[in-house]
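Before any comments, here is the structure.
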Amino acid sequence: MKTEHTQFAGSIPANYDKYMGPLFFEPYAIDLVQRIDTNKAKKVLEIACGTGRVTRHLIQHLLPDATLIATDLNAGMVAVAKQNIQHQNLQFAEADAQQLPFDNDSFDTVVCQFGFMFIPDKQKAFDEVYRVLKSGGKLLFSTWDKLENNELTLIIRNITAKYVDEAAADFYNVPFSFYDQQTIESLLKKAGFSDIHIEAVSKEGIYGTPYDAAKGLILGTPAFKIIANKDPNAPEKLVEIAGKELTEMFGEETFKTTLSAVVYEAVK
282 MKTEHTQFAG
292 SIPANYDKYM
302 GPLFFEPYAI
312 DLVQRIDTNK
322 AKKVLEIACG
332 TGRVTRHLIQ
342 HLLPDATLIA
352 TDLNAGMVAV
362 AKQNIQHQNL
372 QFAEADAQQL
382 PFDNDSFDTV
392 VCQFGFMFIP
402 DKQKAFDEVY
412 RVLKSGGKLL
422 FSTWDKLENN
432 ELTLIIRNIT
442 AKYVDEAAAD
452 FYNVPFSFYD
462 QQTIESLLKK
472 AGFSDIHIEA
482 VSKEGIYGTP
492 YDAAKGLILG
502 TPAFKIIANK
512 DPNAPEKLVE
522 IAGKELTEMF
532 GEETFKTTLS
542 AVVYEAVK
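If you read the sequence shown in the working numbering, its first letter stands for residue 282, the second for the next number, and so on.
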């Protein structure tokens with residue numbers, strides 16, 4: 282089920298991949314994939330694959346006889362991922378994590394990077410993952426820490442609220458809304474998972490210029506459509522404002538920002 286905050290369509294997926302990918306997702310993709318025991322990952326499902334940032338590392342990390350199905354709710358994201366990555370043991374599919382189109386006990390590993398925050402019924406999604414995992418199979422996923430611990434997005438959120446309005450800025454709260462570790466652990470246990478391991482992980486995002494960082498968060502997320510609906514010229518104007526403010530704060534050199542997330546592992 283798509284909502285206003287999960288519609289990655291039009292020009293958004295390409296901008297997401299170009300600007301958001303290397304700055305926000307690449308450091309955590311490498312970290313997440315390295316946590317997988319390839320001897321126990323022969324049939325793997327990826328949920329919310331986006332433009333394939335994790336998928337690329339995952340298919341290279343898995344053993345030659347392993348298979349990977351990478352899924353996302355948004356056709357536009359899957360289309361970019363298909364262009365980026367081709368492999369004989371990889372297939373892409375559109376799928377809703379709340380209604381996975383797979384049989385019971387189908388996979389030994391399920392991976393999801395920064396996807397569960399966008400799913401309306403999170404308990405249903407965890408229930409579905411539990412259903413499609415084989416006994417002893419593992420769920421490995423990450424969520425963002427609270428917004429206050431992710432400075433770049435907080436800055437862009439506040440700039441959007443100031444120069445557009447709070448309604449437009451509200452999107453930036455969503456990716457950072459699913460951070461409470463006790464709540465997430467309870468959802469996992471209710472789904473049936475055990476051996477739950479939780480680890481806070483900080484990374485440094487490094488990519489491009491302050492203007493590139495602004496482009497990623499304004500043009501590469503559903504916030505773009507929300508802002509453009511108010512004024513078609515507003516997104517580009519906001520990029521200029523945000524780029525200038527970020528340059529004043531961080532300098533003109535290669536952009537660097539501290540990122541904060543949490544990684545979970547759970548066993549069926």
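Each residue gets a CB set at the ideal place from its N, CA and C atoms; glycine is no exception.
Contacting residues, own chain, Cβ-Cβ under 6 Å from residue i (five flanking each side not counted)
| i | result |
| --- | --- |
| residue 283 | For residue 283, the predicted structure reports a pLDDT of 43, less than 50, and the residue's modelled location is therefore unreliable. A value from the coordinates is still provided. Correct list: empty, nothing qualifies. |
| residue 285 | Bear in mind that the predicted position of residue 285 carries a pLDDT of just 43, short of 50, making it too unreliable to give a figure here. |
| residue 435 | 428 |
| residue 300 | 493, 496, 497, 501 |
Alpha-carbon spacing of residue i relative to residue j, whole angstroms
| i | j | result |
| --- | --- | --- |
| residue 523 | residue 474 | 43 Å |
| residue 449 | residue 433 | 17 Å |
| residue 472 | residue 354 | 22 Å |
| residue 511 | residue 340 | 41 Å |
| residue 287 | residue 402 | Low confidence applies here, because residue 287 scores a pLDDT of 43, under 50, leaving its location unreliable; read the following figure in that light. Taking the straight line from one Cα to the other gives about 13 Å. |
| residue 532 | residue 439 | 19 Å |
| residue 491 | residue 383 | 42 Å |
| residue 305 | residue 530 | 19 Å |
| residue 334 | residue 489 | 17 Å |
| residue 377 | residue 313 | 22 Å |
| residue 405 | residue 379 | 6 Å |
| residue 416 | residue 549 | 5 Å |
| residue 389 | residue 468 | 20 Å |
| residue 515 | residue 308 | 31 Å |
| residue 505 | residue 418 | 38 Å |
| residue 324 | residue 443 | 47 Å |
Sub-8 Å separation of residue i and residue j beta-carbons
| i | j | result |
| --- | --- | --- |
| residue 454 | residue 412 | no |
| residue 336 | residue 347 | no |
| residue 543 | residue 445 | no |
| residue 420 | residue 414 | yes |
| residue 452 | residue 513 | no |
| residue 519 | residue 441 | yes |
Contacting residues, own chain, Cβ-Cβ under 7 Å from residue i (five flanking each side not counted)
| i | result |
| --- | --- |
| residue 332 | 294, 297, 298, 302, 358, 361, 362, 365 |
| residue 408 | 472 |
| residue 427 | 457, 460 |
| residue 342 | 314, 317, 319 |
Contacts around residue i, its chain only, beta-carbon distance under 8 Å, and the 5 residues preceding and following it disregarded
| i | result |
| --- | --- |
| residue 374 | 350, 351, 352, 359, 382 |
Proximity test, residue i beta-carbon vs the ligand NAP heavy atom, cut-off 7 Å
| i | result |
| --- | --- |
| residue 406 | This structure simply doesn't include the ligand NAP, nor any ligand for that matter. |
Cβ contact check for the segment 530-538 and the segment 463-479: 3 or more pairs under 8 Å: As far as the Cβ criterion goes, the segment 530-538 does not touch the segment 463-479, which means the pair count is below three.
Length at least 4, wholly inside the segment 438-487: the alpha helix (DSSP H) runs in chain order: Complete alpha helix (DSSP H) runs here, min 4: 447-450, 462-472.
Any 3 or more C-beta pairs closer than 8 Å across the segment 390-399 and the segment 365-374: Note that the segment 390-399 does not touch the segment 365-374; fewer than 3 beta-carbon pairs, one per stretch, sit closer than 8 Å.
Ranges of the alpha helix (DSSP H) found wholly within the segment 381-415, counting only runs of at least 4: Listed in chain order, they are 403-413.
Alpha helix (DSSP H) runs wholly inside the segment 323-355, at least 4 long, in chain order: For the segment 323-355, whole alpha helix (DSSP H) runs of length 4 or above, ordered along the chain, are 334-342.
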